[in-house]
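**Q**
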Amino acid sequence: MNLHFKKPQKLKPSSKFFVRAKPLESGRGFHAQFSAPGLVPELVGGDNRPQVFPTEDAALLAAYQAQEAVLNARLQLRMRFEKVQKMSAVELSAALDEADLTPTELGWICQTDRVMAWLDGTYDIPHMVRVIVGLCKEPENVDRAESITGASVIERTRQ
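Take the sequence shown: its position 63, counted from the start at 1, is 63 in the numbering used here, and no numbers get skipped.
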């Protein structure tokens, strides 16, 4: 069984995770629908048409299984082709200490909210952060990074 089927529609990408059982207009079953942030909602099915499930529970289970398969496929695809080891939050924290940087100082370059999300494990830490923190172990590179960033800051006046 093909776990998901994209029905040709003009749907917007979802802003949250969801699974739902959509009752058929005829009242004789349910379609299973799922989505994740950034994905267009999809119906579970095969042979280019959505599958009909006899009960709401069966449709929900199929939607959960399809969502799990899509999310795990993304993880496996990313891991298969990466050539660098991403930093963990603990490694980033230790690297910041070693470079004598605070999260706020790194945030001056990479946005403070992102740095905090990396440190609490909400988001993967991109490889460029390892490079930037490594370069910032030398004080002249910190000064250079601050001057480059400072030159691109646009000051706005409040109205």
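Positions of the beta carbon are idealized from the N, C-alpha and C atoms, including for glycine. Since the structure is predicted, the reported quantities are computational estimates derived from the model, not experimental observations.
Considering only C-alpha positions, which residue in the set 133, 58 and 44 is nearest to residue 66?
**A** Of 133, 58 and 44, the residue nearest in Cα terms is 44.
**Q** Report the CB separation of residue 32 from residue 14 in whole angstroms; it is logged as a contact under 8 Å.
**A** 15 Å between Cβ atoms; not a contact.
**Q** Alpha carbon to alpha carbon, what distance is there between residue 145 and residue 109?
**A** Computed Cα separation, rounded: 7 Å.
**Q** For residue 64, collect the residues of the same chain with a Cβ closer than 8 Å to its Cβ; drop the 5 residues on either side in sequence, then sort them by chain order.
**A** Here the set comprises 19 and 34.
**Q** How big is the Cα-Cα spacing for residue 39 and residue 140?
**A** Approximately 43 Å between the Cα atoms of the pair.
**Q** With H, G and I counted as helix, E and B as strand and the rest as coil, what does DSSP make of residue 96?
**A** Helix at residue 96.
**Q** Does the structure place the stretch 56-63 close enough to the stretch 89-99 that three or more beta carbon pairs sit under 8 Å?
**A** Verdict: no, contact absent.
**Q** Could you give the first and the last residue of the continuous alpha helix (DSSP H) run that contains residue 131?
**A** Run containing residue 131: 127-135, per the alpha helix (DSSP H) assignment.
**Q** Based on the DSSP secondary-structure assignment, which residues constitute the bridge partners of residue 50?
**A** Note: residue 50 sits in a beta bridge opposite 45.
**Q** Can you name the start and end residues of the beta strand (DSSP E) that residue 19 belongs to?
**A** Segment 18-23, the beta strand (DSSP E) holding residue 19.
**Q** Go ahead and label residue 131 buried or exposed: buried means 16 or more other beta carbons lie within 10 angstroms of its beta carbon, across all protein chains shown.
**A** It is exposed - the Cβ of residue 131 has fewer than 16 other Cβ atoms within 10 Å.
**Q** Ordered along the chain, which non-local residues of its own chain (more than five positions away) have a Cβ less than 6 Å from that of residue 142?
**A** Here the set comprises 136.
**Q** What are the boundary residues of the beta strand (DSSP E) that residue 32 is part of?
**A** Unbroken beta strand (DSSP E) run through residue 32: 30-35.
**Q** Which same chain residues end up closer than 8 Å to residue 28 when comparing Cβ atoms and leaving out the 5 residues on each side of it in sequence?
**A** Excluding sequence neighbours, residue 28 sits near 52.
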